[in-house]
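In what follows, a structure is listed as structure tokens, so that the remarks can point back to it.
In structure tokens:
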């Protein structure tokens, strides 16, 4: 499952980041988004969602949300 399909308000653990784009991978890593870190979807809007990673909230688009694979 990816972040785009995750339930709002439920905490998940990131399994892996699925992308061939090194720049995108580095960007997500700089947000604290990497394997075995908790992530929560705070809200969802058309084309994007707000996630809570560590102590920050970030608005990510659907492309980023699909790249973040979660444990179910």
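Numbering (this note's numbering), first residue to last: 1065 to 1136. Even for Gly, the Cβ is constructed at its ideal location relative to N, Cα and C. Being a predicted model, the structure only gives us computed values, none of them experimental.
For residue 1094, the enclosing alpha helix (DSSP H) stretches over residues 1086-1094. Under the three-state reduction of DSSP output, residue 1119 falls in the coil class, being neither helix nor strand.
If you check the CB distance, residue 1095 and residue 1081 do not come in under 8 angstroms. Counting the other Cβ atoms within 10 Å of the Cβ of residue 1131 gives 16 or more, which makes it buried. A Cβ-Cβ distance of about 6 angstroms is found for the pair residue 1133 and residue 1066, placing them in contact under the 8 angstroms criterion.
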